[in-house]
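>
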Amino acid sequence: MSRGYSIVAPIVLLVGASVAFTALALFAVTFSGPPRRPVPVRPALVAQALKTGAVPASLATRLTLTDGAVLPEPRYREHVNPAMDAEIARAAGGGEVHGSYFGPPWIGSEMLFGSFRVAMRLPGAAPRWRVVETPEEPWFTRWHAMNLVAILSLIVLMTFIAWRIARTISHPIERLAAAAAETRLGTRRPIPAGGPREVRELAAAIAAMEARILEAAEGRTAMLAAIAHDLGTPLARLAFRVEKLPEGARERAEADIDEMRTMLNDVLRFVRDARGDMRARTELGSLIESVADDLHAIGRPVTAKAGPRLVILADPVSLRRLLTNLADNAVRYGKAARIAWASLPGWAEVVVDDDGPGFGAAPAALFEPFVRGETSRSRETGGSGLGLAIVRAIAETHGGYVTLENRPEGGGRARVRLPLEPTAAA
145 MSRGYSIVAP IVLLVGASVA FTALALFAVT FSGPPRRPVP VRPALVAQAL KTGAVPASLA
205 TRLTLTDGAV LPEPRYREHV NPAMDAEIAR AAGGGEVHGS YFGPPWIGSE MLFGSFRVAM
265 RLPGAAPRWR VVETPEEPWF TRWHAMNLVA ILSLIVLMTF IAWRIARTIS HPIERLAAAA
325 AETRLGTRRP IPAGGPREVR ELAAAIAAME ARILEAAEGR TAMLAAIAHD LGTPLARLAF
385 RVEKLPEGAR ERAEADIDEM RTMLNDVLRF VRDARGDMRA RTELGSLIES VADDLHAIGR
445 PVTAKAGPRL VILADPVSLR RLLTNLADNA VRYGKAARIA WASLPGWAEV VVDDDGPGFG
505 AAPAALFEPF VRGETSRSRE TGGSGLGLAI VRAIAETHGG YVTLENRPEG GGRARVRLPL
565 EPTAAA
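Sequential numbering from 145 applies to the sequence shown in this note's numbering.
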């Protein structure tokens, strides 16, 4: 089986393509050259135009000639040059000449390069000036436009190539992260193994790690079930023997044995309900109302608020245990339980509120097995510390999750989200 391509390959390809396209762009710019500069002009030809009032035919596209009453000002990047003024005046046979020329005056030259503007005073009482000048040069030429288009095209092309290569690398990692985030104890989900070789190796390592974790969890669960089952026989013998104790001591011993049996039964329920093997289409609202009615019938202050009809794929026995544990926990520590449910995109949400002191600063710790919010371990509060652990295990086995919150107005809130049946969520 092919190991696939390395993640290094597309990165090297991107860098190489960037260098190659940049070199091609520089090559094209270099050989296309900058905009053609205007041809230089001899001062004698400027003097001829000023003297005769006509531009030589060879410079018809290079120079313009105008008359005006105002001496024009120098333009951008033009400077006065008295020496050049004197040379043009001599070539024109005398007269008052004022000009502005491209470049600083200390750079001597026998030719006029770039832009210039030269004015000679005409004879007469009123001052009039004959002006020979080069036209304004555009700051943005066709050459600039071509270079700009080439640069923008190169940027767009390289951005697209980089995006495609980045998606080739990131998409398998995103799918791998999503699959890892959906991993739950008791469920085995396929780990996607596409993409570069390094991502494939990472996927294989995650799949192997998931298998080891699930095997360890299943082994721990089996061990708990075996211990809980095996302890039943010694407890039965103890219960038989305490019958011979005096009445006062017998009652206390029987209470201790009953408490131990309750804890063992909770462990067995934890093992059984965490598996959730029997799945069926379940109408969530009917199940919640049934649980609330059953608890209310035995004197528990539990109420259910009517909600929408929601169908989920669940193990009804395990889900009933989840709801019962949350309601019992709310009644035990919060005096009453109020259950409501709602529909969210793709999810069914169940909320259980109480009027107790809340869950403290670290509610997530209460989901750990054998951790209790009330630490006295008294028989009055009861419980083995497995109630919320069972709730979390059942929720995660069904592809959902559970959170505990402290309500701003006081009291606690347990929020459970379970995935809707695909046809119901569509």
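Quick reminder that beta carbons are idealized off the backbone N, C-alpha and C, glycines included.
(1) What are the complete beta strand (DSSP E) segments, minimum 3 residues, inside the stretch 240-283?
(2) With a Cβ-Cβ cutoff of 7 angstroms, do L194 and V276 count as a contact?
(3) For P340 and A323, what's the separation of their Cα atoms in angstroms?
(4) Are T547 and R536 closer than 7 angstroms when you measure CB to CB?
(5) When the Cα atoms are used, what is the spatial distance from R464 to P378?
(6) Does the contact criterion of 3 or more C-beta pairs under 8 angstroms hold for the stretch 295-306 versus the stretch 212-228?
(7) Under the three-state reduction of DSSP, which class applies to E398: helix, strand or coil?
(8) In terms of residues, what are the limits of the beta strand (DSSP E) holding V214?
(9) Shortest alpha-carbon distance to V494 belongs to which of F304, P279, R453 and E342?
(10) Have a look at V224, A306, L301 and S487 and flag the residue whose alpha-carbon is nearest the alpha-carbon of G429.
(11) How far does the alpha helix (DSSP H) with P154 in it reach, from first residue to last?
(12) Label S176 either buried or exposed according to how many other C-beta atoms from any shown protein chain fall within 10 Å of its C-beta, with 16 as the threshold for buried.
(13) Going straight from the alpha carbon of S259 to that of L207, what length do you get?
(14) Just verifying my parser: in three-state terms, what is the DSSP assignment at D498?
(15) In angstroms with no decimal places, state the Cα-to-Cα distance between V185 and G247.
(16) Give the range of the beta strand (DSSP E) segment to which S434 is assigned.
(17) At the level of alpha carbons, what is the spacing between A480 and V386?
(18) Can you tell me whether Y477 is buried or exposed, with buried defined as 16 or more other CB within 10 angstroms of its CB?
(19) Specify, as a first and last residue, the run of the alpha helix (DSSP H) that A288 falls within.
(20) Excluding five sequence neighbours on each side, which residues of the same chain lie with their C-beta closer than 7 angstroms to the C-beta of A570?
(21) Could you tell me whether the Cβ atoms of R319 and P336 are closer together than 7 angstroms?
(22) Would you check if there are 3 or more beta carbon pairs closer than 8 angstroms linking the stretch 460-475 to the stretch 439-449?
(23) Output the distance between the C-alpha atoms of H440 and L389, rounded to the nearest integer angstrom.
(24) Please classify P316: is it buried, with 16 or more other beta-carbons within 10 angstroms of its beta-carbon, or exposed?
(25) Just grab the DSSP bridge partners of V583 for me.
From the atom records:
(1) The beta strand (DSSP E) runs lying completely inside the stretch 240-283 and spanning 3 residues or more are 241-246, 260-265 and 273-277, given in chain order.
(2) Yes, Cβ-Cβ distance for L194 and V276 is below 7 angstroms.
(3) C-alpha of P340 to C-alpha of A323: approximately 17 angstroms in a straight line.
(4) Not in contact: T547 and R536 (Cβ atoms no closer than 7 angstroms).
(5) Approximately 31 angstroms between the Cα atoms of the pair.
(6) Cβ pair count under 8 angstroms is below three, so no.
(7) The three-state secondary structure of E398, taken from DSSP, is helix.
(8) For V214, there is no enclosing beta strand (DSSP E), as DSSP marks it with neither H nor E.
(9) Taking only the C-alpha atoms, the option nearest V494 is R453.
(10) Out of V224, A306, L301 and S487, S487 has the C-alpha closest to the C-alpha of G429.
(11) In this chain, the alpha helix (DSSP H) harbouring P154 covers V152 to S176.
(12) Exposed.
(13) Distance between the alpha carbons of S259 and L207 is about 10 angstroms.
(14) Here D498 sits in coil by DSSP.
(15) Roughly 14 angstroms between the two C-alpha positions.
(16) Going by DSSP, S434 is part of no beta strand (DSSP E) but of the alpha helix (DSSP H) stretching over L428 to A441.
(17) Going by C-alpha positions, A480 is about 37 angstroms away from V386.
(18) Counting the other Cβ atoms within 10 Å of the Cβ of Y477 gives 16 or more, which makes it buried.
(19) Checking the displayed sequence, the identity of residue 288 turns out to be His instead of Ala. Where H288 is concerned, the enclosing alpha helix (DSSP H) stretches over R286 to A325.
(20) Residue placement at A570 cannot be trusted, given a pLDDT of 48 that sits under 50; the coordinates are not used to answer.
(21) Their beta carbons are under 7 angstroms apart, which means R319 touches P336 by this criterion.
(22) For the pair of segments examined, the stretch 460-475 was found to touch the stretch 439-449: the number of CB pairs separated by less than 8 angstroms reaches three.
(23) Taking the straight line joining both Cα atoms gives about 38 angstroms.
(24) It counts as buried.
(25) Lying outside 145 to 570, the shown extent of the chain, residue 583 is not represented and no answer is given.
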